[in-house]
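Under the working numbering, read the sequence shown as residues 567 to 987, first letter to last. What follows is a short report on a single structure.
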Amino acid sequence: MQCVDDFRLRFGKRELVPILVGGMGVDISTAELALEAARLGGIGHISDAMVQTVSDRRFNTHFVRGKTKLYKYNVANTDKSTVQFDLGELTEATHNHVGRAMAAKRGDGMIFINCMEKLTMNSPRETLRVRLSAGLDAGIDGVTLSAGLHLGSFALIEDHPRFRDVKLGIIVSSVRALQLFLRKNARLNRLPDYVIVEGPLAGGHLGFGMDWAQYDLRTIVDEVLQYLKTEQLDIPVIAAGGVFTGSDAVSFLERGAAAVQVATRFTASRECGLPANVKQEYLKAIEDDIEVNTISPTGYPMRMLKNSPAIGDGIRPNCEAYGYLLDGKGNCAYITAYNNEVEKNPGVKKISVLDKTCLCTQMRNFDCWTCGQMTYRLKDTTLRLADGSYQLLSAAHVFHDYQFSKDHQIALPKLEAAEAG
Ligand SMILES: Cc1cc2nc3c(=O)[nH]c(=O)nc-3n(C[C@H](O)[C@H](O)[C@H](O)COP(=O)(O)O)c2cc1C
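Here it is in structure tokens:
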């Protein structure tokens, strides 16, 4: 019987443990978590979602405060089209976040950045170009493009000196999306270094409609592998979404996947950026507590815990402070939903907006508890303590469990002295 450690992910001559810890914005997949994955010979992701806020929190910068002050005059205005990002500050914040993570990197693994294209920030092409270039300048090992079709993204950095040496990957949820990407990018003569196939059980935004339950990761991975074989394209395929045990991972590696990308199990790790009380919510959850809904203003369905404080919250849109989802005309689906609700409830101080959420504010405050479908199994991966809470795990423990476990076993941690009381 094989374990994940019997396989290697190959990039040219470089060999890695075939485990990627997926990007989880906003700073849920912290640099600490990514550094552990890299130290252990795999790949960790940080995320560039709302990087100015992340920089403020971690490096004592004041990007959000400065922007809020600049646009204070517009707070009560329903038209947000004047709210723009300062691209110099965006660069600086990215340098802080990426540069410090890369400087701290130890071991044989790599650190990639997860870049969600849907974070348009008013000048979609320009901000994406700056996000990507700044990450490359700051020394990131690779960029994973997510939440979009990525059709024009490689071209944005084709003149960057690192364009051909940095690892570039895309997340797709169908063979069609991959075909489209390859067709549109043929002229660049630059294939993706890896393709992550993300199935319907993943956390975060889904690349499926509300009929997600009709799809299955295995089938899509097989279709992608078959297509690449027919086209004689040698691109590593990475399976993601619902891979919960080392044996789940092996089943994909045996079918021809080059690696797996996992995330949910690391939400119970100490290195994960969620606040401690939120980690306990994830650990406590039962299957009925998890839903896929359409409250994300990105237009993609999103999976989350039903008791997320974000659901039904009616906060005033915070675009002057954040504004990461504003399109080229200053629109965001939450603004529309909020304005409708205000109009329907004149004079009401605290309204509830059910159909959309202010994703920027809620993700930034860790109040939108997005999660993978397997979250309800997290409680089986650790110990229940005398006070009813669950013991958190080290990222190394979870990583090693994926790497070495067989027969669907999950290694429980040792009871920690302090917690053993
Ligand atoms: C809490 C959480 C947040 C996530 N946020 C993002 C994100 O910001 N961008 C992204 O591309 N994927 C995101 N994902 C998806 C993961 O990167 C990963 O591909 C997927 O969840 C793997 O499946 P698993 O969670 O069942 O292991 C998130 C997943 C979780 C659990």
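Ideal Cβ placement from N, Cα and C applies to all residues, glycine included. This structure is a prediction, so every number in the text was calculated from the model and none was measured.
- Here GLN827 is bridged, per DSSP, to LEU586, ALA806.
- For GLU764, the beta-bridge partners assigned by DSSP are ALA806.
- Residue burial is scored here from C-beta neighbours: SER862 has at least 16 other C-beta atoms within 10 angstroms and is therefore classed as buried.
- Listed in chain order, the non-local C-beta contacts of LEU717 below 8 Å within the same chain comprise LEU746, PHE747, LYS750, ASN751, local neighbours out to five positions each way being set aside.
- The beta-carbon distance between TRP778 and MET870, rounded to whole angstroms, is 13 Å. This is too long to meet the 8 Å contact definition.
- Here the C-alpha atom of LYS684 lies approximately 43 Å from the C-alpha atom of ALA952.
- Per the coordinates, the alpha-carbon of VAL790 lies some 46 Å from the alpha-carbon of ILE917.
- Taking a cut-off of 8 Å for Cβ pairs, the stretch 885-895 and the stretch 801-810 do not touch, as fewer than three such pairs fall below it.
- Contact annotation: VAL570 and ILE594 have beta-carbon atoms that are not nearer than 8 Å.
- Shown here for ALA834: same chain residues with a beta carbon closer than 8 Å to its own, the five before and five after excluded, namely LYS845, TYR848, LEU849, LEU944, THR947, THR948, TYR956, LEU958, LEU959, VAL964 in chain order.
- DSSP places SER712 within a strand segment (E or B) once states are collapsed to three.
- Looking only at LEU757, GLN568, THR660, the smallest Cα-Cα distance to PHE729 is reached by LEU757.
- Under DSSP, CYS681 forms a beta bridge with LEU711.
- In this structure, GLY938 places its C-beta atom within 8 Å of the C-beta atom of ALA829.
- Per the coordinates, the alpha-carbon of GLU724 lies some 27 Å from the alpha-carbon of GLY608.
- Counting other Cβ atoms within 10 Å of its Cβ, PRO841 stays below 16 and is therefore classed as exposed.
- In this structure, the C-beta of GLU764 approaches ligand 1 to less than 7 Å from one of its heavy atoms.
- Going by beta carbons, GLY675 and LEU606 fall inside the 8 Å limit.
- Within the same chain, Cβ atoms closer than 8 Å to the Cβ of ARG836 are found at LEU958, LEU959, SER960, ALA961, the five residues on either side in sequence being excluded.
- Residue burial is scored here from C-beta neighbours: LYS895 has fewer than 16 other C-beta atoms within 10 angstroms and is therefore classed as exposed.
- Unbroken alpha helix (DSSP H) stretches of 4 residues or longer found wholly inside the stretch 914-969: 925-930, given in chain order.
- Listed in chain order, the non-local C-beta contacts of CYS838 below 8 Å within the same chain comprise MET590, ILE594, SER595, THR596, LEU599, PHE832, LYS845, ALA961, local neighbours out to five positions each way being set aside.
- Here VAL826 is not near GLY773, since their CB atoms are 8 Å or more apart.
- Excluding sequence positions up to five before and after VAL620, its CB lies within less than 7 Å of the CB of VAL592, ASP593, HIS663, all in the same chain and listed in chain order.
- When the five nearest sequence neighbours on each side are left out, the beta carbons in the same chain lying within less than 7 Å of the beta carbon of PHE720 are those of LEU734, ASN751, LEU754, ARG756, in order along the chain.
- Between the beta-carbon of THR693 and that of LEU722 there is about 10 Å, and that puts the pair past the 8 Å contact cut.
- Within the stretch 605-671, the runs of beta strand (DSSP E) that reach at least 3 residues and sit entirely inside it are, in chain order, 609-613.
- Relative to ligand 1, the beta carbon of LEU944 is positioned no closer than 7 Å to any heavy atom.
- By the CB criterion at 8 Å, GLY865 and VAL919 fall outside the cutoff.
- With a cut-off of 8 Å on Cβ pairs, the stretch 568-582 is in contact with the stretch 811-822, counting three or more such pairs.
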